[in-house]
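In the numbering used here, the protein residues as written are 150 to 464.
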């Protein structure tokens with residue numbers, strides 16, 4: 150049975166037709182996901198002034214929970230955001246968001262916004278009351294089973310990623326209009342997903358995934374202009390485990406097109422081959438041995454006590 154087929158087998162179906170299973174923590178209270186609300190006046194909505202992170206739950210345990218929480222808290226600090234409790238309190242709320250609806254394969258998302266503009270209409274961000282939201286939904290792959298099997302077909306956007314001088318990409322954020330235009334371009338070209346170049350034409354990242362190429366026995370992933378992916382971190386560790394030299398560096402479009410092997414990695418799907426870029430076939434046009442091996446090892450780590458944080462669902 151494939152990993153995709155194993156996911157969500159034990160999740161409780163929604164009680165109301167069309168309702169997504171899950172729960173939200175908003176303003177200190179747990180509530181059904183369908184009833185969770187965000188004010189129209191929240192600067193997270195009005196200005197995109199917020200950060201977020203997403204941890205996964207697989208077979209009843211968080212995977213690399215500390216890494217996701219660390220990144221979220223780091224992003225908050227960079228944006229000078231605060232939350233109403235400490236790290237342990239955040240993890241407790243995240244755990245409850247998986248436990249209460251009984252989701253054993255899930256995404257648990259944490260979002261911190263700048264909050265509401267003060268009644269005085271001050272434009273000073275220091276005057277806003279920051280807001281924290283946490284919610285859970287069932288785990289889903291962002292690619293189809295067919296795409297996982299044959300590899301992803303990517304399109305390199307004609308417009309660049311927002312420069313790092315403008316927005317720090319290590320802060321997970323919702324400023325994604327560059328990706329939106331790129332995704333339209335990719336779909337119009339018949340591709341599955343977009344990957345964004347930087348101002349110099351080098352590869353950065355896709356929407357929710359990092360990219361690796363393997364050339365001459367070495368794996369390389371872009372080291373700048375990207376989110377510091379948790380799955381990327383795991384893949385670098387796995388490369389070391391199997392004796393594959395791996396590093397962060399620069400990848401040109403030509404490097405990607407001429408790769409011996411290429412793959413993307415994401416919390417929402419693991420390690421998946423890249424077999425076509427801009428309509429050109431990569432290597433032999435199918436996910437290759439190292440990609441498949443890394444994906445198998447990645448999912449095996451989801452049952453490794455060193456990598457997981459089990460959730461107590463009670464009886």
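The C-beta atom is built at its ideal place from N, Cα and C for all residues, glycine as well.
Count the CB pairs spanning the stretch 273-283 and the stretch 313-333 that are closer than 8 Å, and state whether there are at least three.
The way I'd put it, the stretch 273-283 doesn't touch the stretch 313-333; fewer than three beta-carbon pairs between them come closer than 8 Å.
Per DSSP, what are the beta-bridge partners of residue 301 in this structure?
Bridge partners of residue 301 according to DSSP: 423.
Identified DSSP bridge partners for residue 346:
Residue 346 is bridged by DSSP to 352.
So residue 380 is in the alpha helix (DSSP H); what residue range does that whole segment cover?
That run of the alpha helix (DSSP H) goes 379-390.
Curious, which full-length beta strand (DSSP E) runs of at least 3 residues does the stretch 176-224 contain?
List check, beta strand (DSSP E) in window: 178-181, 199-207 and 210-212.
Thinking residue 436 and residue 400 are a contact (beta carbons under 8 Å), I'd like their distance in whole angstroms, please.
The beta carbons of residue 436 and residue 400 sit about 18 Å from each other, so the pair does not count as a contact at 8 Å.
Rounded to whole angstroms, what is the Cα-Cα separation between residue 245 and residue 362?
For residue 245 and residue 362, the gap between their C-alpha atoms comes out near 38 Å.
Cα-Cα separation between residue 379 and residue 266, rounded to whole angstroms:
For residue 379 and residue 266, the distance between alpha carbons rounds to 33 Å.
Sequence-distant residues of its chain with Cβ nearer than 6 Å to residue 289 (five each side left out):
Closer than 6 Å at Cβ, skipping near neighbours: no residue.
So, are the CB atoms of residue 375 and residue 356 less than 8 Å apart?
When the beta-carbon positions are compared, residue 375 and residue 356 stay at least 8 Å from each other.
Count the other C-beta atoms from every protein chain shown that fall within 10 angstroms of the C-beta of residue 217, then say buried if there are 16 or more, exposed otherwise.
Buried, by the Cβ-count rule.
Apart from the five residues just before and just after residue 224, which ones in its own chain have a Cβ nearer than 6 Å to its Cβ?
Residues of the same chain with a CB within less than 6 Å of the CB of residue 224, apart from the 5 flanking positions on each side, are 200, 320 and 321 in chain order.
Taking the alpha helix (DSSP H) that residue 241 falls in, what are its first and last residues?
According to the DSSP assignment, residue 241 belongs to the alpha helix (DSSP H) that extends over 236-248.
For my contact list, residue 264 and residue 337 are in at a C-beta cut-off of 8 Å; report their separation, rounded to the angstrom.
With 8 Å as the limit, residue 264 and residue 337 do not qualify as a contact, their Cβ atoms being about 38 Å apart.
Distance between beta carbons of residue 310 and residue 347, contact taken as under 8 Å
The beta-carbon separation of residue 347 and residue 310, rounded to 6 Å, stays under the 8 Å limit for a contact.
Who pairs with residue 284 in a beta bridge, going by DSSP?
Per the DSSP secondary-structure output, residue 284 pairs in a beta bridge with 173 and 258.
Going by DSSP in three states, residue 332 sits in which element: helix, strand or coil?
In this structure, residue 332 counts as helix in the three-state DSSP scheme.
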